[in-house]
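Chains as they are written, first to last, in my numbering: chain A, 12 to 298; chain B, 12 to 298; chain C, 12 to 298; chain D, 12 to 298.
Number of protein chains: 4
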Amino acid sequence: MHDNQPKKNWRAKLHEIIYEADTPAGKLFDVILLIAIIASIVFVMLESIKEFDKDYHYFLVFAEWVITIIFSIEYILRIISVKKPFKYIFSFYGIIDLLSTIPMYLSLIFAGTQVLIALRALRLLRVFRILKLARYVGASNLLANSLKASRAKIFVFLFAVLIVSVIFGTVMYFIEGEPSGFTSIPVSVYWCIVTLTTVGFGDIAPITPLGQFIAALIMILGYGIIAVPTGIVSAEYMSQTKGRVPQAPLHTEVDMNTEVCPNCSAQRHKDKAKFCYNCGHLLNPHS
Amino acid sequence: MHDNQPKKNWRAKLHEIIYEADTPAGKLFDVILLIAIIASIVFVMLESIKEFDKDYHYFLVFAEWVITIIFSIEYILRIISVKKPFKYIFSFYGIIDLLSTIPMYLSLIFAGTQVLIALRALRLLRVFRILKLARYVGASNLLANSLKASRAKIFVFLFAVLIVSVIFGTVMYFIEGEPSGFTSIPVSVYWCIVTLTTVGFGDIAPITPLGQFIAALIMILGYGIIAVPTGIVSAEYMSQTKGRVPQAPLHTEVDMNTEVCPNCSAQRHKDKAKFCYNCGHLLNPHS
Amino acid sequence: MHDNQPKKNWRAKLHEIIYEADTPAGKLFDVILLIAIIASIVFVMLESIKEFDKDYHYFLVFAEWVITIIFSIEYILRIISVKKPFKYIFSFYGIIDLLSTIPMYLSLIFAGTQVLIALRALRLLRVFRILKLARYVGASNLLANSLKASRAKIFVFLFAVLIVSVIFGTVMYFIEGEPSGFTSIPVSVYWCIVTLTTVGFGDIAPITPLGQFIAALIMILGYGIIAVPTGIVSAEYMSQTKGRVPQAPLHTEVDMNTEVCPNCSAQRHKDKAKFCYNCGHLLNPHS
Amino acid sequence: MHDNQPKKNWRAKLHEIIYEADTPAGKLFDVILLIAIIASIVFVMLESIKEFDKDYHYFLVFAEWVITIIFSIEYILRIISVKKPFKYIFSFYGIIDLLSTIPMYLSLIFAGTQVLIALRALRLLRVFRILKLARYVGASNLLANSLKASRAKIFVFLFAVLIVSVIFGTVMYFIEGEPSGFTSIPVSVYWCIVTLTTVGFGDIAPITPLGQFIAALIMILGYGIIAVPTGIVSAEYMSQTKGRVPQAPLHTEVDMNTEVCPNCSAQRHKDKAKFCYNCGHLLNPHS
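This is the structure we're talking about:
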């Protein structure tokens, strides 16, 4: 690219590395971040295993601090590399990024409580950030569109499932009662959802003949209506595929890049775009 | 709208508010009713939780009376706002509406028994009334049509499931017998439905090698035949969508409103209709 | 119909009543038989319930004898109304019909044993006879054709399921072993089928971390591959529907009747057929 | 076939018998091998049943030796019948074939340990060899292609399932905790997968109202998203079928035979091919 930008300042370079994935440095940053996120999830999990935590407590605390410091540096870099830092700070990911770092700092002040571990689990939400990398953007777009198109129908369907559960749950409460574990109507409704969705834990199960008869009805109903969302998604997906392929195959995958506007943080710019479609700010041209 | 109706009598206004959802007053009425219905369901549920009922018994009784009085007023208003009240009273919703109000009045005469709580649970059926609001009428029509079109096939399918369950249930009774919980043929058939629909409670489970072998057969059969209703609904749904889209996209959603004829209670009038398509009576024009 | 048959002999009339369902008498016969079959199934079920059998033992024995005599008479009538009785006697339904009657006669000779009850359960298979009535013949044909067309693919699929179950079952046996209930490889394979088909009884469940990890893999695999038979049946069903509708809508339902050749017992004759398509014998013309 | 090959050397004949299935001798070899493989699987299974192993230990050891010797001979014959034996030895099947034979020889040196039985279970993988026979090659190709085409989408779907499981699993750990069996986050994630896939063992089940509420959400989610892979496979399968049928119906099944090049072991030659499409070596013409 023979663009007429003589030199790039450090903030633009930083922005490119952190927010985009098309350059080698950007890819490296994303991969390191991905490893840090997965490691942080694994450490939260390991800490919850009593036997493991007892033996490796100090290692886990050390690892937690390493990850907290990595996330803290990343958070600060993200703030200083965008022109409108407050927009980032109060965005969904900005809040998640902050919440990812503070639990360990708070644990210095307060004694490490359960609540802080729970807060640390919020780091899981950072996983969504990785989805941006999405080598499979085309595939996931298609899925997302199918689901979006069938949203209204799935809502109707879930509403019907809920009404059926409430009615049959109430009926089962009066038929079975406490001896079988149907201790209250909410519990019965819960059981009914467990049965209708064919999960069937078996911690609560009908024991009276009439209860078993109605349970059989619920099961067959659940077995039958599972066909409805499948049919919906199947049809929508098929019409999505049909409309897409002949006109411009895979164009959603071709047109977009991972650039993020350094001014307004807008995403999904066209591949050759020089200016942000949202605020008109100059985008970072790739070297 | 510059319609030539000089003045509207109170009954027509009342009818518009209660039976329709296109005017602000009608919408407000529906929303209040919706809240009252959901509240009544929640109270029935809460009352069934022993610990909650013990602590908040008087609050629940009071709330029950408030809802009973709201439903009673609504019931009376519905009767006086239609021209043919007996048609409403003996309709499905008329009976449900009546049954929603009487349990509390009966509890004044008789001591509050379980049966009265059960009767109160009938209020759940009022939920269906809300479906009328159906912002998603088009979507639910499509679903209903798909299911209606595939009714005969689903009947054949369910009949096949039933025969398979009866035969395998009887077989399992003779193989497993009482030690595993297969205490009688009806219980075995119940277990077979539980297994075939992939619910699998586990309260009854085969323990003999032969029983486990046949159980595995039943499971694989159930796993395979779940494809049948899905295929049916999927295909019917797709043909429904195909027939509809090219001719007049989404016309079922556009054309209808929620007006109800004040004379004959017919529903689903066209959006600009001035007269009932069923009896020719003047409809309430919207302001 | 102005057919030139002067009079019909009693055997032809009997054949028409017993084997066909197009005449009023034939329909009546089928309905009575249907009731008798369902009653016999219900009685076998009730007899298996200990408490019920204790109280109503003599009633059940009496009812069994009534049904046995009805089935015996039907069996004899079927034999004398066809021209080639041996063909009927050694056909699938002939054997089932005979087996439906003999248990009670045998119980006169031997003491009533479990085995005889099991034999009586064979009457269930008579239910298939009723399917002939099939008001929904068109629908069930379509289903049967879809399944037949996708037979080879479903076979491949089930074979894959079996191989996966055997391999993962063996793996789980070595990982979990006896403490978790994986007492032998066949039991592990059984558990694997229970899990893969998403039935999940829970009588056997992994307790080691590695076992739970592999179990999670099996579940996700099972959850994913359930899509395969559904997709197959769905596609076959759709192609069946497509091929059928435009050419001659519902012709399979129009063309056939329930006549059965009195000579060779061939079924599925065309509606106006005068001679058997199989042996050339004159069919019973309907009055 | 009037081919001009005067005589066939023993190695070519051996190659034809072992690697192909179009000649009577080749078919016989495959059938014997199939029986030996299934027998070896059955013996591994039977040996894992304690009661059976106690009574028939010596028979099982004898049978194991017979199968080991059959497999050893087969392995040697396979090596000497191909021109490039090392290519076979280090191929996937070559290694599996070797691993199928060595456990018994090792048991002569070391005492028979669990690990050796586990190794013997690797023979199961030999089952895949039989798939080559594949009378249903066309059907399985179609399935494999559908799955391959929807690979990226299924990957996205499984990734979404995993993220949902990790997030909800962590949430459930903090809500339910140890009393209900949610002893650590990995166990909670395991439970979440069990629930989301509608397996529902019931060994771990929520007991708090909030936990049951979230469990109900997970179930309905799982019930809904099962539609996604089904829709994907269904649509892909349908497009595979559409593309295939009109152009050249079933040509994949017609064109191929089971010949394997004696020089380079390439498979899937055309039915009338005289030379290997891969290395140009002369193929064994069928008598």
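Virtual Cβ for every residue (Gly too), placed ideally from N, Cα, C.
Below 8 Å CB to CB, which residues in the same chain sit around residue i once its five sequence neighbours on both sides are set aside?
| i | result |
| --- | --- |
| D:E187 | F193, S199, P217, I218, T219, G222 |
| B:Y99 | R89, I90, V93, G105, S276 |
| B:I29 | G37, F40, E85, L88, R89, S92 |
| C:P206 | Reading off the sequence, residue 206 of chain C comes out as Thr, not Pro. Result list for C:T206: A226, I229, M230, G233, in chain order. |
| B:A50 | A74, I78 |
For residue i, which three-state DSSP category applies?
| i | result |
| --- | --- |
| B:K94 | coil |
| D:S161 | coil |
| D:F101 | coil |
| C:N379 | This structure gives no information on residue 379 of chain C, because the portion of chain C shown stretches from 12 to 298. |
| D:K112 | In the sequence under discussion, the amino acid at residue 112 of chain D is Thr, which differs from the Lys named in the question. Helix at D:T112. |
| B:T34 | coil |
| D:I84 | helix |
| B:I46 | helix |
| A:I52 | helix |
| D:I60 | coil |
Under 6 Å Cβ to Cβ from residue i, same chain only, skipping five residues before and after it: list those, please.
| i | result |
| --- | --- |
| A:P96 | I90 |
| B:T79 | T112, M115 |
| C:A160 | E247 |
| D:F82 | S111, T112 |
| A:Y69 | none |
| B:E58 | D64, L71 |
| A:W202 | I215 |
| D:R22 | S92 |
Answer with yes or no whether the minimum CB distance from residue i to chain E is below 8 Å.
| i | result |
| --- | --- |
| B:S111 | The structure shown has no chain E; the protein chains it does contain are A, B, C and D. |
In chain order, what residues of the same chain have a beta carbon less than 7 Å from the beta carbon of residue i, not counting five sequence neighbours either side?
| i | result |
| --- | --- |
| D:I299 | Examination of residue 299 of chain D is not possible in this model, given that chain D is present from 12 through 298 alone. |
| D:G211 | V205 |
| B:V182 | I225 |
When you compare the region 214-225 of chain C with the region 192-206 of chain C, are there three or more beta-carbon pairs, one atom per stretch, that lie closer than 8 Å? The region 214-225 of chain C is in contact with the region 192-206 of chain C.
Whole alpha helix (DSSP H) runs in the region 179-255 of chain C with 4 or more residues, listed along the chain? Counting only unbroken stretches of 4 or more residues, the alpha helix (DSSP H) elements lying wholly within the region 179-255 of chain C are 196-207, 220-236, in sequence order.
Three or more beta-carbon pairs under 8 Å between the region 27-37 of chain B and the region 54-65 of chain B, yes or no? No, they do not touch.
Between the region 169-182 of chain B and the region 176-184 of chain A, can you find at least three pairs of beta-carbon atoms closer than 8 Å? The region 176-184 of chain A is not in contact with the region 169-182 of chain B.
Given 8 Å, three or more beta-carbon pairs between the region 233-252 of chain B and the region 226-235 of chain D: Per the Cβ contact rule, the region 233-252 of chain B is not in contact with the region 226-235 of chain D (fewer than 3 Cβ pairs under 8 Å).
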